[in-house]
Amino acid sequence: MSQPSTPQACYHCGDAVPAKASFTVDILGQQREMCCPGCQSVAQTIVESGLDSYYQYRTSPAEKADLVPEQLQKLIHYDNVEVQQEFVRHDVNTSEVTLSLDGVSCAACAWLIEKQLASEKGIVLIRVNITTNRAILKWDSEQTRLSDLLRSIHQLGYKAAPFEPNKHEESYHHMMKQYLYRLGVAGLATMQVMMLAIALYFEVFSDLDAEFKQYLRVVSLIFATPVLIYSAQPFYLNAWRSIKGRTLGMDVPVSIALIFAYVSSLWATVAGTGEVFFESISMFTFFLLVGRFLEMRARRKAATASANLLKLIPAMARMKDGEQIPVRSLKIGDIIQVLPGEHIPADGEVLTGSTQVDESMLTGESIPVFKQEHDFVYAGTMNVDESFEMSVTTHKADSVISKIVRLQDEAQLSKPKIAEVADYVAKYFVAIILVIALGTWLYWHQHQPDSAFWIMLSVLVATCPCALSLATPTAVTCSTSRLGSLGILLRKGHVFETLCKVNQIVLDKTGTLTEGNIEISQCTVYNQSVFNESECYSIAASLEKHANHPIANAFQPYFSDSIEVINVKNIIGSGLIGEYQGNQWKIGTLDFVAKESTEVVQASTIYLSHNDVLVASFEYLDPIRKESVEFINSLKTKNLKVTVLTGDSLQSTLRVADELGIEDFHCQLKPDDKLRYLNDLNKNNVTLMIGDGINDAPTLAGAHLSVAMGSGSDIAKASADMVLLGDKLDKVLEARELALHTRSIIRQNLAWALGYNALILPLAVMGFIAPYFAVIGMSASSIIVVTNSLRLLK
Numbered sequence: 000m001s002q003p004s005t006p007q008a009c010y011h012c013g014d015a016v017p018a019k020a021s022f023t024v025d026i027l028g029q030q031r032e033m034c035c036p037g038c039q040s041v042a043q044t045i046v047e048s049g050l051d052s053y054y055q056y057r058t059s060p061a062e063k064a065d066l067v068p069e070q071l072q073k074l075i076h077y078d079n080v081e082v083q084q085e086f087v088r089h090d091v092n093t094s095e096v097t098l099s100l101d102g103v104s105c106a107a108c109a110w111l112i113e114k115q116l117a118s119e120k121g122i123v124l125i126r127v128n129i130t131t132n133r134a135i136l137k138w139d140s141e142q143t144r145l146s147d148l149l150r151s152i153h154q155l156g157y158k159a160a161p162f163e164p165n166k167h168e169e170s171y172h173h174m175m176k177q178y179l180y181r182l183g184v185a186g187l188a189t190m191q192v193m194m195l196a197i198a199l200y201f202e203v204f205s206d207l208d209a210e211f212k213q214y215l216r217v218v219s220l221i222f223a224t225p226v227l228i229y230s231a232q233p234f235y236l237n238a239w240r241s242i243k244g245r246t247l248g249m250d251v252p253v254s255i256a257l258i259f260a261y262v263s264s265l266w267a268t269v270a271g272t273g274e275v276f277f278e279s280i281s282m283f284t285f286f287l288l289v290g291r292f293l294e295m296r297a298r299r300k301a302a303t304a305s306a307n308l309l310k311l312i313p314a315m316a317r318m319k320d321g322e323q324i325p326v327r328s329l330k331i332g333d334i335i336q337v338l339p340g341e342h343i344p345a346d347g348e349v350l351t352g353s354t355q356v357d358e359s360m361l362t363g364e365s366i367p368v369f370k371q372e373h374d375f376v377y378a379g380t381m382n383v384d385e386s387f388e389m390s391v392t393t394h395k396a397d398s399v400i401s402k403i404v405r406l407q408d409e410a411q412l413s414k415p416k417i418a419e420v421a422d423y424v425a426k427y428f429v430a431i432i433l434v435i436a437l438g439t440w441l442y443w444h445q446h447q448p449d450s451a452f453w454i455m456l457s458v459l460v461a462t463c464p465c466a467l468s469l470a471t472p473t474a475v476t477c478s479t480s481r482l483g484s485l486g487i488l489l490r491k492g493h494v495f496e497t498l499c500k501v502n503q504i505v506l507d508k509t510g511t512l513t514e515g516n517i518e519i520s521q522c523t524v525y526n527q528s529v530f531n532e533s534e535c536y537s538i539a540a541s542l543e544k545h546a547n548h549p550i551a552n553a554f555q556p557y558f559s560d561s562i563e564v565i566n567v568k569n570i571i572g573s574g575l576i577g578e579y580q581g582n583q584w585k586i587g588t589l590d591f592v593a594k595e596s597t598e599v600v601q602a603s604t605i606y607l608s609h610n611d612v613l614v615a616s617f618e619y620l621d622p623i624r625k626e627s628v629e630f631i632n633s634l635k636t637k638n639l640k641v642t643v644l645t646g647d648s649l650q651s652t653l654r655v656a657d658e659l660g661i662e663d664f665h666c667q668l669k670p671d672d673k674l675r676y677l678n679d680l681n682k683n684n685v686t687l688m689i690g691d692g693i694n695d696a697p698t699l700a701g702a703h704l705s706v707a708m709g710s711g712s713d714i715a716k717a718s719a720d721m722v723l724l725g726d727k728l729d730k731v732l733e734a735r736e737l738a739l740h741t742r743s744i745i746r747q748n749l750a751w752a753l754g755y756n757a758l759i760l761p762l763a764v765m766g767f768i769a770p771y772f773a774v775i776g777m778s779a780s781s782i783i784v785v786t787n788s789l790r791l792l793k
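First residue of the sequence shown: 0, per numbering that gives the first Met the number 0; consecutive thereafter.
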């Protein structure tokens, strides 16, 4: 009787492979049997990642589909569709994520990551912000996976993960703690070595013999070695990443200076002749770490604004039945309850109850907003008054607050033209400095050999272009955060540069200069024997349901489920046309609805027709915004030309223009007329367009700079460079003042950085700058630039 065969063990986890299983992976040149799809998937990922040596050196089988190198396992986790819902935005085949980066310290680091990922298959966009240590990554999900792209960043020596405020905060505090440890070691060693250096160089003890001098050198070596190996480690890592990526970062000359000084001092100690620089190594590292530590703290302050917004979203949400679940587990359609004093956990629609909601974190306005059934509320805002129930309408990644943070990050990544020149200079500056340092050493080695090394060390350190690389990113980051606090959302990066040049303001009327809270004040029916007032209101409401304009919203109270107009088309700039009971109905301008009518066009009136025969007219009221008068007067005092472009009638436009004192206005314009007006302007005119409706979208897109009102249509917002979340026009003026201030700060930063390097370089080459003064100067230069930028937050 034959013995049953022993089941084969799974190569990955060691479990028995089922009899009919056919899961195999090519590992170390052989086809290996797996027990399940899970082990097969994990093993295949390990092989594809070039980590198959894991199987050579492991001492025991892995746990079932689990024991993978920890970093790799975390990266695979990010490919999970449900996990991605929290932080990945999808658009057809394109996906986008905001990443948190560890180890990015200068412009060269950012350039290296961008260069490496740009060469990867499926990459659409990669932009790194060194101020916030974040990146925007966009890729084709059909061609590559997120884990593959994160792995590419890890292979460069940096850590990357989807941005989460709490984890980013933990990572920052961990990094700062490590810097403090390194700083402590360097500080203690510096004190000890400096005391020994006094004895060595100033010969406090007149009878100091050669053996005791050698003893002091050896003790100095013992103290300086941990500083070089441990405290200075961040500089070596950054330098190695740069060299690995075939570029020259800011820490390359720093690392060269430290290693050269240590090696020459070690040789002098072993040989017993020559000068040692152990006190310089320790002091040099200590001052560098102090400068880097203070710089990181300042940069952190500039980057916290947008991260703090996301912290307003609570971790837990209360379901309708009272159960508490994580916010990341919420699905569209879930019904949740929000109690007074709680932050709203997700974007959604109010189902039951009414309350006051504090939306100051979005709009900059401190007065709570009344919310009732069918109104929308947003994640991160606070429920002030009563409890209510709401239905979740978006995932966290698509919430308004997440979009704001994402758009702020994108805006911070863009650079003015002057900054691009500075980055170009910085890119080659390190190579030039290395050549100058070598030439300096050769010269002084011929004329004054004892000082050659000191002078070369000073040149390498004093001229590091850290300040030059920080001059623009820190200023743009601070300005973007400040605009967010004003209730202005940036969508494009050229805003700061263009705002400074604007000399003409182009305004829409309805919903921009006026409140847009339109009410129908009177309905006139021309043939009441055929149609009554109620029918006219209902048919008009059914037509206007297909438009997104303040006038359309005024008809909402008159909508009736019993009357439905079909095949509705929106003729932008004219009105709407549709069918009801086999007849054609139009609503809009008089020329559009009834071309042969003898009626005289009235101000603030729209018309309704049946088969091109005028049936009714609706007069409406639209109050002028309280701040419009002050806004227009402020524009005039700043010598900015003001123009109104509107599709409304002449009478309606005249009323607003007279009240606001606007002389240049154009009415009864269609969208292409508005765009034509902008295109016909003198090339010296730099225009800022402010609008809110669908008919403003082409003009917003065609203006040099555009602002969409927060209450306006989605199309208008998508076409604009900025969105005014709180609908307060005076914020536009504050944005312009901030842009002018930002330009000034950037120029100051660049002038300081370039001026400092232009001054310090010849002094260092001539030997007038000691190494420790060079370190202090370089660190102070970076701190001054960052601190100057922080003034924009005030």
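Using N, Cα and C, we set each Cβ at its ideal position, and we do this for glycine too. On a predicted model such as this, the values are computed, not experimentally measured, just so you know.
Going by DSSP, Gln667 is part of no beta strand (DSSP E) at all; its letter is neither H nor E. The C-alpha of Ile631 is placed about 15 angstroms away from the C-alpha of Val501. In this structure, DSSP gives Phe162 a state outside helix and strand, which the three-state scheme calls coil. A contact is defined here as three or more CB-CB pairs under 8 angstroms, and the stretch 231-238 meets this definition with respect to the stretch 250-262. Distance between Arg654 and Thr645, taken at the CA atoms: about 13 angstroms. For the 8 angstroms CB-CB criterion, Arg481 and Leu704 do not form a contact. Counting along the chain, the unbroken beta strand (DSSP E) around Asp357 starts and ends at Thr354 to Asp357. Taking every protein chain shown into account, the CB of Asn569 has 16 or more other CB atoms within 10 angstroms, so this residue is buried.
The continuous alpha helix (DSSP H) containing Ser533 extends over residues Glu532 to Glu543. Each residue's CA atom was taken as its position, placing Asn681 and Gln503 some 11 angstroms apart.
Around Glu532, the same chain offers Cys522, Val524 and Ala615 as residues with beta carbons nearer than 8 angstroms, after the five sequence neighbours per side are excluded.
Going by DSSP, Leu758 is part of no beta strand (DSSP E) but of the alpha helix (DSSP H) stretching over Asp729 to Val764. With contact defined as three or more Cβ pairs closer than 8 angstroms, the stretch 510-518 and the stretch 752-768 are not in contact.
Nearest to Asp333 by C-alpha distance, out of Glu388, Glu95, Arg742 and Asn678, is Glu388. A direct Cα-Cα distance of roughly 48 angstroms separates Ile768 from Lys637.
Inclusion of Pro670 and Gly581 in the CB contact set at 8 angstroms is not warranted, their separation being larger than that value.
A direct Cα-Cα distance of roughly 20 angstroms separates Arg245 from Gln232. In the same chain as Asp374, and ignoring 5 residues on each side of it, the C-beta atoms closer than 8 angstroms to its own belong to Glu348 and Val349, in chain order.
When rounded, the separation of the alpha-carbon atoms in Ala539 and Asp590 is 17 angstroms. In the DSSP annotation of this structure, Phe558 is not part of any alpha helix (DSSP H), being labelled neither H nor E. If you check the CB distance, Lys395 and Val326 come in under 8 angstroms. At a Cβ-Cβ threshold of 8 angstroms, Gln7 and Val16 count as neighbours. A distance below 8 angstroms separates the beta carbons of Asp720 and Val494. The shortest C-alpha to C-alpha distance from Leu456 to any of Ser99, Ala267, Gly340 and Thr284 is the one to Thr284.
Asp14 and Phe22 have their C-alpha atoms spaced approximately 13 angstroms apart.
Counting C-beta atoms within 10 angstroms of its own C-beta, Glu385 has fewer than 16 neighbours from the protein chains shown and is therefore classed as exposed.
Boundaries of the beta strand (DSSP E) harbouring Asn569: Ile565 to Ile570, taken from the DSSP string. The beta-carbon distance between Leu98 and Arg133, rounded to whole angstroms, is 6 angstroms. This is short enough to meet the 8 angstroms contact definition. Judged by DSSP in its simplified three-state form, Glu32 adopts strand. For Lys370, same chain residues with a beta-carbon under 7 angstroms away, outside a window of 5 residues either side, are Val349, Ser353, Thr354, Val356 and Val376 in chain order. DSSP places Gly486 outside both helix and strand once states are collapsed to three, so it counts as coil. The secondary-structure analysis by DSSP pairs Pro325 across a beta bridge with Met315. Straight through space, the alpha carbons of Asp729 and Ser559 are spaced by roughly 39 angstroms.
Residue pairing by DSSP places Glu578 opposite Ile565 and Gln583 in a beta bridge.
The shortest CA-to-CA distance from Ile129 to any of Ala752, Leu659, Ile562 and Leu467 is the one to Leu467. Taking each of Gln142, Glu543, Gly156 and Gly271 in turn and checking the Cα distance to Arg216, the smallest one comes out for Gly271.
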